[in-house]
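Visitor:
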Amino acid sequence: MKRLLVLLFNTIFIANIYAQQPFSAAQDSIRKLTELDHQYMLKQLNIRTLRPGANGNDSNAPNAANYDEAKANPYSNLPDALTFNSGKKVNSVKNWWIRRKEITEDFDREIYGWVPDNTPGVNWELIKTTDTVLSGINAVEKKIVGHVDNTRYPQIKVDIQLTLTLPAGAEVKIPVIMEFGFVFPPGIRRPGDTARASKPPPPEWQVECLKKGWGFAILLPNSIQADNGAGLTQGIIGLMNKGERRNPDDWGALRAWAWGAGRVMDYFEAGNEVDTKRVAIAGHSRYGKAALVTLAYDQRFAIGYISSSGEGGAKLHRRNLGEIVENLAGSGEYHWMAGNFIRYGGPFTSNDLPVDSHELIAMCAPRPVFIGCGDKGDAWVDVRGMFMAAVAAGPVYKLLGKKDLGTTEFPNIETGIMNGEIAFRQHSGGHTPAPNWPFFLEFAGRYFNKR
Ligand code: GCU
80 MKRLLVLLFN
90 TIFIANIYAQ
100 QPFSAAQDSI
110 RKLTELDHQY
120 MLKQLNIRTL
130 RPGANGNDSN
140 APNAANYDEA
150 KANPYSNLPD
160 ALTFNSGKKV
170 NSVKNWWIRR
180 KEITEDFDRE
190 IYGWVPDNTP
200 GVNWELIKTT
210 DTVLSGINAV
220 EKKIVGHVDN
230 TRYPQIKVDI
240 QLTLTLPAGA
250 EVKIPVIMEF
260 GFVFPPGIRR
270 PGDTARASKP
280 PPPEWQVECL
290 KKGWGFAILL
300 PNSIQADNGA
310 GLTQGIIGLM
320 NKGERRNPDD
330 WGALRAWAWG
340 AGRVMDYFEA
350 GNEVDTKRVA
360 IAGHSRYGKA
370 ALVTLAYDQR
380 FAIGYISSSG
390 EGGAKLHRRN
400 LGEIVENLAG
410 SGEYHWMAGN
420 FIRYGGPFTS
430 NDLPVDSHEL
440 IAMCAPRPVF
450 IGCGDKGDAW
460 VDVRGMFMAA
470 VAAGPVYKLL
480 GKKDLGTTEF
490 PNIETGIMNG
500 EIAFRQHSGG
510 HTPAPNWPFF
520 LEFAGRYFNK
530 R
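Now the structure itself:
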């Protein structure tokens with residue numbers, strides 16, 4: 080229910096922003112345009128029917144989501160991150176970096192899509208600087224907009240929205256934690272709002288960052304690319320396609336959001352406030368997927384907090400528990416992915432994927448990654464499926480001289496496994512990033528405070 084509300088509000092809010100119509104009319108036209116775009120993609124792929132996604136709302140439905148662990152592993156083998164597509168084993172660090180290219184290409188082509196290599200420049204404008212006080216700490220908040228050069232197709236404007244908050248008077252370049260931010264209409268709580276959690280809320284992570292002398296940034300993904308299929312002819316994807324629909328191997332919203340995060344990194348690199356060797360990327364749920372894609376692809380990000388990313392994120396595609404590949408292939412979510420990915424919800428199955436999510440985690444190696452999730456209220460994300468992916472990414476970290484999880488045994492709730500470069504922790508607050516924030520910040524501190 081919570082999930083549905085989130086989706087609903089998200090859609091309505093965004094629709095209203097860019098369609099400038101009454102809520103219901105905007106929502107309706109978004110839905111219709113999304114259906115048309117999805118259909119158009121199916122036609123390009125020559126797909127007549129798709130298998131239905133798992134139904135997470137009705138346990139009596141014929142396609143009810145599976146929550147029985149005994150049925151969760153229909154396929155016995157995962158692709159091996161350390162075996163080349165030719166069958167040859169990866170036996171050196173040097174070979175890993177060659178193998179990594181192969182894996183990346185598979186993710187590009189089959190899962191997330193290619194980023195065009197001629198994406199335009201971004202002109203960053205500091206809109207406003209505000210002195211502020213957060214829980215007694217003096218800080219400076221900067222509202223910044225990245226105007227994407229739209230010479231190739233002036234009808235589409237993309238203005239990337241960012242806020243950067245730094246402790247007041249910071250004199251050296253400092254670490255920054257950047258989060259993909261949810262935006263909701265005033266008065267509407269976002270998923271993971273601490274007030275909904277069953278336990279007393281931990282201190283706000285932003286305040287904790289300032290206390291450590293770090294900054295934090297909030298990047299609005301929807302200012303880069305809308306969170307629906309209708310928006311695929313707009314945003315950075317639409318700009319690159321000059322307002323036309325996508326080809327099957329074009330990028331989806333996840334890579335577009337990650338691209339935006341990369342442009343923020345460019346901006347940080349050009350400035351003198353942020354220590355760009357110490358920038359973390361964080362996100363929850365769909366933005367947890369985006370954070371993992373960002374960390375995997377853009378090696379400038381030092382570390383990531385990947386919260387409840389589930390299917391399309393850290394969860395193994397080959398698992399059948401909670402949300403599955405078929406959900407992502409449907410019209411509500413296909414826009415996150417490359418069109419090609421839809422084939423795995425139709426003619427192919429998840430077992431046909433040349434890569435699986437443990438290899439996306441492995442792409443982050445040797446950089447530290449924290450995979451977080453909640454308890455029962457977070458079953459949809461397949462907590463164990465994410466843990467299994469984290470385990471299976473281990474050999475790559477070890478090859479690169481780093482520590483893996485150090486166990487293959489699923490840990491007790493609220494027992495963080497945090498001694499290596501891959502960390503995992505399940506909290507008891509449901510579908511929210513909040514309870515794991517202090518643990519992630521502790522984990523990040525291990526790396527950021529080293530010097
Ligand atoms: C839905 C979707 C998930 C996604 C979530 C969210 O539940 O199925 O994949 O992570 O929305 O972003 O809130």
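Residue numbers (this note's numbering): 80 to 530.
We put the beta carbon where it would ideally sit given N, CA and C, even for glycine.
Quick caveat, the model's predicted, so the values are computed rather than measured.
Do the segment 409 to 428 and the segment 342 to 353 meet, that is, are 3 or more Cβ pairs less than 8 Å apart?
Guide: Verdict: no, contact absent.
Visitor: Cβ of residue 365 versus every heavy atom of the ligand GCU: is any distance shorter than 7 Å?
Guide: Yes - the ligand GCU has a heavy atom lying nearer than 7 Å to the Cβ of residue 365.
Visitor: Count the other CB atoms, across all protein chains shown, that sit within 10 Å of the CB of residue 212; report buried if there are 16 or more and exposed otherwise.
Guide: When all chains shown are included, residue 212 counts as exposed.
Visitor: Classify residue 238 as helix, strand or coil using the three-state DSSP reduction.
Guide: In this structure, residue 238 counts as strand in the three-state DSSP scheme.
Visitor: Taking DSSP's pairing of strands, which residues face residue 295 in a bridge?
Guide: For residue 295, which the question treats as bridged, DSSP gives the partners 244 and 256.
Visitor: How should residue 172 be labelled, buried or exposed, when 16 other C-beta atoms within 10 angstroms of its C-beta is the threshold for buried?
Guide: Residue 172 is exposed by the Cβ-count criterion.
Visitor: I need the straight-line Cα distance from residue 519 to residue 123, nearest angstrom please.
Guide: Distance between the alpha carbons of residue 519 and residue 123: 42 Å.
Visitor: What are the uninterrupted segments assigned as beta strand (DSSP E) that are 3 or more residues long and contained completely in the segment 123 to 196, given in chain order?
Guide: Whole beta strand (DSSP E) segments, 3+ residues: zero.
Visitor: Spatial neighbours of residue 342 within its chain, please: CB distance less than 7 Å, with the 5 preceding and 5 following residues excluded, ordered by chain position.
Guide: The answer, listed in chain order, is 201, 225 and 239.
Visitor: Is the CB-CB distance between residue 369 and residue 337 below 8 Å?
Guide: Closer than 8 Å, so yes.
Visitor: Given this structure, state the Cα-to-Cα distance separating residue 290 from residue 248, to the nearest angstrom.
Guide: The straight-line gap from Cα to Cα measures roughly 13 Å.
Visitor: Check this for me: beta carbons of residue 479 and residue 470, under 8 Å apart or not?
Guide: No, the pair does not count as a contact, with Cβ atoms beyond the cut-off.
Visitor: Cβ-heavy atom distance between residue 459 and the ligand GCU below 7 Å?
Guide: It does: the Cβ of residue 459 is within 7 Å (strictly closer) of some heavy atom of the ligand GCU.
Visitor: Are residue 425 and residue 327 touching if we call contact CB-CB under 8 Å?
Guide: Not closer than 8 Å, so no.
Visitor: For residue 229, which residues in the same chain have their Cβ closer than 8 Å to its Cβ, ignoring the five residues on either side in sequence?
Guide: Result list for residue 229: 199, 235, 236, 237 and 318, in chain order.
Visitor: Touching or not, the segment 422 to 439 and the segment 181 to 198, by the rule of three or more beta carbon pairs under 8 Å?
Guide: Result yes; three or more Cβ-Cβ pairs closer than 8 Å.
Visitor: Going by the DSSP bridge assignment, what does residue 50 pair with across the sheet?
Guide: Any property of residue 50 remains undetermined from this structure, which presents the chain solely from 80 to 530.
Visitor: Check the C-beta distance from residue 314 over to residue 385 and give it rounded, since I have them as a contact under 8 Å.
Guide: Contact flag wrong, Cβ pair sits at about 23 Å.
Visitor: Grouping DSSP H, G and I as helix and E and B as strand, with all else coil, what is residue 439?
Guide: Helix.
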